[in-house]
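Below: the structure, in structure tokens.
Protein chains: 2
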Amino acid sequence: MSRAPNLVIIGGAEDKTGPCTILAEVVRRAGGRSARIAVIPAASELAETGADYATVFERLGAERVDILDVSSREHAHAPEHEDVVAAATAVFLTGGDQVRLMNRIGGTPLDRALHRRVEEGMVVAGTSAGAAVMSGTMIADGDADRVQANAVRTAPGLELLPGVVIDQHFAQRGRIGRLLAVVALYPHFLGVGIDEDTALLVRGHHARVLGRGSVTILDAGSATLNDATEVPPTARISLAGVTLHSLASGREFELMERRSLAPPAG
Amino acid sequence: MSRAPNLVIIGGAEDKTGPCTILAEVVRRAGGRSARIAVIPAASELAETGADYATVFERLGAERVDILDVSSREHAHAPEHEDVVAAATAVFLTGGDQVRLMNRIGGTPLDRALHRRVEEGMVVAGTSAGAAVMSGTMIADGDADRVQANAVRTAPGLELLPGVVIDQHFAQRGRIGRLLAVVALYPHFLGVGIDEDTALLVRGHHARVLGRGSVTILDAGSATLNDATEVPPTARISLAGVTLHSLASGREFELMERRSLAPPAG
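Printed below as a string of structure tokens:
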């Protein structure tokens, strides 16, 4: 039987030199001193990305960190990667380009090993591009600031978390326009915009915010969209009555019920 | 008896060389061929700002355009300014710095002449800083991207339109964070974010969008704010259940009722 997803979805630019609140939470969820973390830098073209995270996770007390070489699809077929993921307590997906990440690992044995372990309850953490790929439909790219169908391009993601579309670097890059376009076109999704150095911690349908920024949740379920799909892709879409939640660290949200929970007492 | 406000509130960077949709609407509202427009460049430090608008308004067919020299408070006391405003069918407030604009004209005879004519139904149009000052409380400055009390500073405005706080260059500068902070602290105000080359045309409580971008309206009236005023000014404020409207050109909104109107049929 498959377990509820156990995800750490990070909006990018998380602290790696100070208290490392978010990356420490990744280690904690992965088992603390017995954490075995597989870093998958498939989204990145920078050779040092994997090693940089390995250094931080080791400093934060993980028992073991492996960096998987997935610099091409061929590399993603390496049988040793499957073994590493099979033994891992968490996988960490770095930033870079979410389309590159999907191109490199989608449908490979590594992808299957990842999904097998997710069903067994393994933690998956991802930042920036590694956050975007967690949903079934992801934002591939787009202009941040226009509520317009041709301002955003979507593509299939890893399908680790149903019912949402994630956007990252959210406030820093002023991306509410493109996320509004997504929920206007696909109102069955919650739009989840995560600021930098901020994470949404998800266990099943329950989510909690951690970090310095805010998580913005857009719910167009009750909105008047006036057939957004009939608006020409080059024209602005209007939405009336979208419900917006802007949640700071510690606040909790029920993704299935689409509602914010009261803050803890005191 | 005072008339309902007749305002053209522009989010900045409106077209001045192409079809000039928004500035042509200013001329139309001001009386078209009999329009007499007083340009008040008090927000600007650039000597050419007033003349640039005069050129456009004359090209668009206004009968007469006067540029008021309000480069200091002393200049704002010039009796001839009162005569110009008394005869004007519209006043146009340029961009620049909204605090400078208020410092230069607030409480002067020009300010009184302006309010007297507004009560008689004169059109007031303003762009950017000239848009910000239309409300009773305006955003003086602030960081765009943080939902935090110390990220935004408010100051008194011209009180031409009650019940709202206006933000401009809205999508282009990613300002939803600071506007959310304002409505969290002052939920009696609607937050009105206007994109560049976009205007909100207001007559009384009725508003209509015109231009290339969107107008974003934030209504925290039904939101759960958990005493935002008790959150330390350096901490993120959480808001749950804010109602958001993102309205494209042609869409209408009732400001008093806080609701979007159905789009025109067809």
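Same order as they appear, the protein sequences are chains V and S.
Per the numbering used here, the first sequence runs over residues 1 to 266.
Per the numbering used here, the second sequence runs over residues 1001 to 1266.
Built from N, CA and C at the ideal position, the CB exists for glycine as well.
Everything numeric in this text was worked out from a predicted model, so none of it was measured.
Which of helix, strand or coil DSSP assigns to residue i
| i | result |
| --- | --- |
| residue 1263/S | coil |
| residue 1174/S | coil |
| residue 226/V | coil |
| residue 168/V | coil |
| residue 1083/S | helix |
| residue 1017/S | coil |
| residue 1100/S | helix |
| residue 28/V | helix |
| residue 1036/S | strand |
| residue 160/V | coil |
| residue 1179/S | helix |
| residue 255/V | coil |
| residue 1001/S | Note that residue 1001/S has pLDDT 47, beneath the 50 cutoff, so the model's placement of it is unreliable and the number below is only indicative. In this structure, residue 1001/S counts as coil in the three-state DSSP scheme. |
| residue 1012/S | coil |
| residue 1007/S | strand |
Among the options, nearest to residue i - alpha-carbon criterion
| i | options | result |
| --- | --- | --- |
| residue 194/V | 87/V, 246/V, 33/V | 246/V |
| residue 1223/S | 1047/S, 1210/S, 1238/S | 1238/S |
| residue 262/V | 230/V, 208/V, 235/V | 208/V |
| residue 210/V | 52/V, 25/V, 172/V | 25/V |
| residue 18/V | 153/V, 197/V, 80/V | 197/V |
| residue 66/V | 76/V, 50/V, 248/V | 50/V |
| residue 175/V | 122/V, 142/V, 125/V | 142/V |
| residue 15/V | 52/V, 149/V, 251/V | 52/V |
| residue 1125/S | 1259/S, 1012/S, 1228/S, 1254/S | 1012/S |
| residue 100/V | 87/V, 64/V, 140/V | 140/V |
| residue 1254/S | 1076/S, 1206/S, 1233/S | 1206/S |
| residue 1272/S | 1062/S, 1177/S, 1097/S | No answer is possible for residue 1272/S: it lies beyond the span of chain S, which begins at 1001 and ends at 1266. |
| residue 240/V | 1260/S, 1043/S, 1156/S | 1260/S |
| residue 1213/S | 1251/S, 1229/S, 1227/S | 1251/S |
| residue 1115/S | 1134/S, 1183/S, 1098/S | 1134/S |
| residue 10/V | 192/V, 225/V, 257/V, 233/V | 192/V |
| residue 97/V | 77/V, 157/V, 86/V | 157/V |
| residue 1257/S | 1102/S, 1227/S, 1204/S | 1204/S |
| residue 1103/S | 1088/S, 1079/S, 1083/S, 1072/S | 1072/S |
Whole-number beta carbon distance between residue j and residue i, since they are thought to touch under 8 Å
| i | j | result |
| --- | --- | --- |
| residue 160/V | residue 5/V | 6 Å |
| residue 90/V | residue 173/V | About 27 Å; that fails the 8 Å criterion. |
| residue 1236/S | residue 249/V | 7 Å |
| residue 1070/S | residue 1105/S | 6 Å |
| residue 1008/S | residue 1201/S | 6 Å |
| residue 1149/S | residue 1181/S | 6 Å |
| residue 1022/S | residue 1199/S | 5 Å |
Taking one C-beta from the segment 1119 to 1130 of chain S and one from the segment 1182 to 1191 of chain S each time, how about it: are there three or more such pairs within less than 8 Å?
no
If you pair each beta-carbon of the segment 1050 to 1065 of chain S with each one of the segment 1103 to 1118 of chain S, do three or more pairs fall below 8 Å?
no
Scan the segment 103 to 158 of chain V and note each continuous beta strand (DSSP E) run of 3 residues or more that stays entirely inside, going in chain order.
Uninterrupted beta strand (DSSP E) stretches at least 3 residues long and entirely within the segment 103 to 158 of chain V occur at 123 to 127, 137 to 142, 152 to 156, given in chain order.
Going residue by residue through the segment 40 to 95 of chain V, where are the continuous alpha helix (DSSP H) segments of at least 4 residues, counting only ones entirely within it?
49 to 59, 73 to 76, 79 to 87
Please confirm if the segment 37 to 52 of chain V is in contact with the segment 165 to 176 of chain V, defined as three or more CB-CB distances below 8 Å between the two stretches.
In short, these stretches do not touch, since the Cβ pair count stays below three.
Quick one: which unbroken beta strand (DSSP E) runs of 3-plus residues sit fully inside the segment 1186 to 1249 of chain S? Chain order, please.
1190 to 1194, 1198 to 1203, 1206 to 1211, 1215 to 1219, 1239 to 1247
Between the segment 1242 to 1256 of chain S and the segment 1214 to 1228 of chain S, can you find at least three pairs of beta-carbon atoms closer than 8 Å?
yes
Segment contact flag, the segment 1115 to 1122 of chain S with the segment 1092 to 1099 of chain S, C-beta cutoff 8 Å, min 3 pairs
no
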